[in-house]
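Right, one structure below, let's go through it.
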Amino acid sequence: MTINQSQSPTPFPDDCLPPEGEYESREALFEAINAWAATRGYAFITGRSTKEKTGRRTITYMCDRRRNHPIVSRERQRKTTTRITGCEFSILAKENKDRSTWTLRHRSDSRFSLHNHEPSQDTTAHPVLRTMSKEHLSQLTGLANAGIAPKEIRTYMRQNTDTIATQHDIYNRIADARREVCQGQSSINALADQLFREGFWSQFQTGPDGRVKAVLFAHPESVAYLQAYPDVLILDCTYKTNKYGMPLLDLIGVDSCQRSFCVVFAFLSGECEEDYFWALDRFRSLCENHRIRHPSVILTDRCLACMNAVDTCFPSSRPLLCLWHANKAVLRYCQPRFTRQTQGDNPRIEAWNEFYGHWHSIIKSPNEQTFHERVSEFEKKYLPDYIEEVRYIKTNWLDQYKEKLMKAWVNQHPHFDNVVTSRVEGIHWLLKSHLKVSTLDLFEAWRSIKHALLNQLAELKSNQAKQKIRTPIELSSALYGALTSGDPASDPSAHLRYDDPRAIHQRYVKSREDWYKAQPPGTWLGNRQYRKAMGLAQAFYPYALIHIPYGDVVFHNTNPRFSSGDVQERMARKRKTTANTWAHAREPLNSEPSRCGRKNEKIYYCMHCIHGIELEAHGHPIKKRRDRLIQDAFAKAGDMHAAKQLAKREETLRHAINHKAALEALIQLVTVRNLSYNCSSWPELHALISAVNPAADDLISLSHGSIQKLVSNSFRVHKDMLRRKLQSTPWKLHLSADVRSAPNHKAFLGICVKFVDPDAKEALQALLALSELPGLDGPGSHGGAEQWKLLQHVLEDYNIWNKVGFYTGDNHGSNDKLCHLLANYLQEKGVYWEAKTRRIRCHGHIVNLAVQAFLFIDSEEAARAALEHIEDTDESAFGTDFSERIKPQRAQGWRRLGPLGKVHNISIHMRENDYRWNEFKKRAGRSLGLDNDTRWNSWFLLLDTTLNLQSYVEWYQKKYYQDLRDDYLTPDEWSALGETRAFLQPFWKITQLTEGRYATLDRSLFTMDVLHKHYTQAFQKHSGNATLRSCIAASWAVFDKYYQLTDESPAYGAAIILHPSRRVAHIKKNWPKSWHKPVLDGVRKRWKDYYPGRDILRIYRIECVLRRFDIYRMPRFDRIRFEPDRT
């Protein structure tokens, strides 16, 4: 809608401005000016307010269509309308000196006295005029809280108040009232809060994700009513009560006057056995908390889940089945066999009536003997003609549920004639009449249910009050006398209340026993059954059989002024409720049938109709309509059957889902595969799950925040399991730590533990923590002190500080400082831990330093100087090693490194162009790769690949000779590369043997012996090559440094001695004699420290016989490896 500004507006009346004057208050002024404006087609709203130095205020009241007019020429985001026109019509109101009265005056400028729009045709066009007073708002809120519909509220407000509020205003006020009740909370939080405030007994069930799955609540007055009448309980579910599709479970009780009352309501997540069990288990706790007896009987329909839950939660109560549902099932299954295609066949209909009558006679069997006789007669009469129908009745009802349906068993329990669930169906209708719609949330649904419940309780109180004043009981005088058994005049306790079945039952027991004692032996075989006599719950069979004449009617009242004659007079004046309609019927004539229809109904002929016209039934509209209804009924039954089958199939699929295992698998998938938290919303993952199980479509319908919480909870659970396992192991725990630099320029300290599982007796390893180092404190922020803070927190968190064994770390000085801090900490705890002997050095780091010294250091002195720099610095410089020494050379060009730099440049040349890289890979079958500072053995792998592909690399050099002229490899350089590879091969093999989770400490010293042999042979082999010999010497300087440091820790020697294939023989045969005593003495001392009081085991030399093989064809590392063990 657009505004045509060119059209001239309709003029306002001449007296458009309200008259100037004084008013008692600001509110009175505002009400007066709007009353004036309402009759003239506009309204005032409060505009700008200013305050003078004296404190007096001036307020501008302006037309409610003021403010800037929207620009209609530009394209708007959405199609809408506005009442804003930029009207400048306004007046001024100024506060007087007394600060209570106000003066209204017009503005001097004439443009403030004119409107730029037409006057409105109705006052409802202005929201400020539709504003309701506080009294009207309070009245509207009260009506809404009472459950009155908005349209009915509007009718009432129109008829009884002067408000002009529209339906939309009423809806808004109801929404405001609801928000006020919720107090800013969500609907479920508001429900929990209101249940607590109003004294309801309530329980909530939440799922693993923290969402509410079920809500159960009971009114305190309902609980009190249940305490008085706990004998009968009826259960059933109703649907379409809330927008979440949650079934509403009703628990209904029955008082002694056969009136129903609501006990408990429960919104459930479904109708499986777990849902019913949760609700009934909470109801059982309610009974136990309030000392309420368990129900004598619990009546349900044939819902297996509900029946199983009742048996589990209330084993002392007698479960009964609804007889109406049983009859309906028998009709649906058995009747079609008798009445299908009858077309007025009266014998078939009569046969069905007889069959159905037999079924009812079985149900009404007074005792077990009669029951078995009637069942035998039933089988004899209808077998084998109706074998399926008889089998259905016997298998599905008589064999399984005879104790819950047949009167021979049912009447043994006080059910007060409640054998159908029609009462709870009536409660469902009552609730639906208050709910009105099925789109409410749980809070609004509870408010509507509360209205129905309070009305019911008020009605029950009223009826109970009336009942206590006077109550007629129609029963035999003999029974009444036996139950009262006393003179009311002399014994006030002889009067029994009509609504006190417990007292009646106690009196009945005494009278029954007295009657049995008075009978001669064998003269009476009574069945002790509970029956109903005119609404009174009594169980005395002989008295119930006595005829009840009107003269024996007793009027039971607390006031003895009324007599039985008054009762007879009242009963004589009783009006007939049925008109004498059938008195106008005549008997059928000769050819007229007396009965018809599928149920063999009796036909009544009007005695006043003598026209004699007969109507043709074939093709009659009534018959056609009846046929259509039958067809629709069968179609609907077919659809219902298909829907039930589908629901049954979905229920089976849902029961096959293990929600806990699925959530745990999802957590493992997210954490192990490093997926994002929003992976649960991936359509592809949902499609995969639905393909496996269609009912599991919403199995992982979780938000990323929920998954984050689940992962956090799973981490805490697994961390606690690891903590208990570490604390329970009787052996020492060996720690290792290293700093890792992430791509985002942050440093993390990884702390791992290796231990022996006390249950499985196997060695395991685990990550204890991956903590971030500060990195903001300047030099030393990654040093040993900062690392120790993180390690100390981990030891105290896991409470394993008293189990620390050895500590493994690289060769940086920060680890030495960390070990000293750890020793001081444990010494304060009373634990002796020597830093030097418990320090294990990372073997891979030692080998890598030796290799880098060979590649990048040109003298032995330079290698020692660089090594001292690394060890002396207190900084975990995770990139600080000999590779730092070649960075200045890289700046001058890789060719300064000799053949290695040329190989590097050739690989870079290939990678700079996709065509060249793919061309070489297609020809050679693979690419060369590239060296990497952070990956050990990357230079060896690059050399090994280059030498294996030498012919292809030479072809590549020739083809791109112009680009690679300065990096062309000569034959001598190829030979140097070969020698370099031969020297590095043992280092590469040793790195592989000593890395990974299965590497053990005995390999460290053994592989060092192998490298010692390798260095000796290399010096001899390359004695004439000064360049290569200097590189080997630099590498040897680094290696020999750490080779000698192994003597500081006896763990290295102990690992060799305890190895089954090496033992002491390896030391005595391959080491100089001067090395033997320090190592063996250190191992003996360690043995005495660990195993005091035990003799050290003598370790015998084991001679190993090697198989014959050509040792010279083995790789260089393997040849050197086996040489120390040769005899």
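This note's numbering numbers the first residue of the sequence shown as 50 and each following residue consecutively.
Think of the CB as a built atom: it goes at the ideal place given N, C-alpha and C, for glycine as much as any other residue.
Since this is a predicted model, take the numbers as computed values, not measurements.
Would you check if the distance between the CB atom of residue i and the CB atom of residue j is smaller than 9 angstroms?
{"i": "residue 992", "j": "residue 957", "result": "no"}
{"i": "residue 1040", "j": "residue 853", "result": "no"}
{"i": "residue 880", "j": "residue 955", "result": "no"}
{"i": "residue 332", "j": "residue 362", "result": "yes"}
{"i": "residue 818", "j": "residue 842", "result": "yes"}
{"i": "residue 470", "j": "residue 282", "result": "no"}
{"i": "residue 498", "j": "residue 480", "result": "yes"}
{"i": "residue 298", "j": "residue 316", "result": "yes"}
{"i": "residue 850", "j": "residue 875", "result": "yes"}
{"i": "residue 492", "j": "residue 267", "result": "no"}
{"i": "residue 847", "j": "residue 771", "result": "yes"}
{"i": "residue 87", "j": "residue 113", "result": "no"}
{"i": "residue 1053", "j": "residue 892", "result": "yes"}
{"i": "residue 341", "j": "residue 335", "result": "yes"}
{"i": "residue 989", "j": "residue 977", "result": "no"}
{"i": "residue 903", "j": "residue 1033", "result": "yes"}
{"i": "residue 1114", "j": "residue 1077", "result": "no"}
Assuming residue i and residue j are in contact, meaning their beta carbons sit under 8 angstroms apart, how far apart are those beta carbons, in whole angstroms?
{"i": "residue 702", "j": "residue 744", "result": "4 angstroms"}
{"i": "residue 275", "j": "residue 303", "result": "Rounded, the Cβ-Cβ distance is 11 angstroms, inconsistent with contact."}
{"i": "residue 189", "j": "residue 219", "result": "7 angstroms"}
{"i": "residue 960", "j": "residue 966", "result": "6 angstroms"}
{"i": "residue 310", "j": "residue 271", "result": "7 angstroms"}
Report buried or exposed for residue i, applying the criterion of at least 16 other Cβ atoms within 10 angstroms of its Cβ.
{"i": "residue 444", "result": "exposed"}
{"i": "residue 184", "result": "exposed"}
{"i": "residue 385", "result": "exposed"}
{"i": "residue 436", "result": "exposed"}
{"i": "residue 467", "result": "buried"}
{"i": "residue 433", "result": "exposed"}
{"i": "residue 216", "result": "exposed"}
{"i": "residue 380", "result": "exposed"}
{"i": "residue 337", "result": "exposed"}
{"i": "residue 63", "result": "exposed"}
{"i": "residue 689", "result": "exposed"}
{"i": "residue 294", "result": "exposed"}
{"i": "residue 748", "result": "buried"}
{"i": "residue 398", "result": "buried"}
{"i": "residue 409", "result": "exposed"}
For the alpha helix (DSSP H) holding residue i, just list the boundary residues, first then last.
{"i": "residue 906", "result": "Careful: residue 906 lies outside any alpha helix (DSSP H) and carries neither H nor E."}
{"i": "residue 880", "result": "That residue, residue 880, is in no alpha helix (DSSP H); it is neither H nor E in DSSP."}
{"i": "residue 1123", "result": "Looking at the DSSP string, residue 1123 is not in any alpha helix (DSSP H), and its letter there is neither H nor E."}
{"i": "residue 111", "result": "That residue, residue 111, is in no alpha helix (DSSP H); its beta strand (DSSP E) goes 106-112."}
{"i": "residue 739", "result": "732-741"}
{"i": "residue 202", "result": "199-209"}
{"i": "residue 854", "result": "Taken as a continuous stretch (DSSP letters only), residue 854 belongs to no alpha helix (DSSP H), being part of the beta strand (DSSP E) at 853-858."}
Would you mind reading off the limits of the beta strand (DSSP E) that contains residue i?
{"i": "residue 262", "result": "261-267"}
{"i": "residue 100", "result": "93-100"}
{"i": "residue 469", "result": "No beta strand (DSSP E) contains residue 469, which DSSP labels as neither H nor E."}
{"i": "residue 311", "result": "309-316"}
{"i": "residue 72", "result": "70-72"}
{"i": "residue 142", "result": "139-144"}
> Okay, do the stretch 136-151 and the stretch 93-105 touch, 3+ Cβ pairs below 8 angstroms being the bar?
Replying inline: yes
>> Using a Cβ distance threshold of 8 angstroms, determine whether the stretch 722-735 contacts the stretch 747-759, with at least three qualifying pairs required.
In response: yes
>> If contact is defined by three or more beta carbon pairs under 8 angstroms, each pair taking one atom from either stretch, is the stretch 347-362 in contact with the stretch 321-332?
In response: yes
> Is it a yes or a no for the stretch 850-870 touching the stretch 882-896, going by three-plus beta-carbon pairs under 8 angstroms?
Replying inline: yes
> How do the stretch 798-813 and the stretch 761-781 stand: do at least 3 beta-carbon pairs fall below 8 angstroms, yes or no?
Replying inline: yes
>> For the structure I just gave you, are there three or more beta carbon pairs, one from the stretch 245-253 and one from the stretch 485-494, closer than 8 angstroms?
In response: no
>> Check whether the stretch 130-137 and the stretch 71-82 touch, using three or more Cβ-Cβ pairs below 8 angstroms as the test.
In response: no
> Is the stretch 412-425 close to the stretch 445-456, with three or more CB pairs under 8 angstroms?
Replying inline: yes
>> Between the stretch 147-160 and the stretch 193-203, can you find at least three pairs of beta-carbon atoms closer than 8 angstroms?
In response: no
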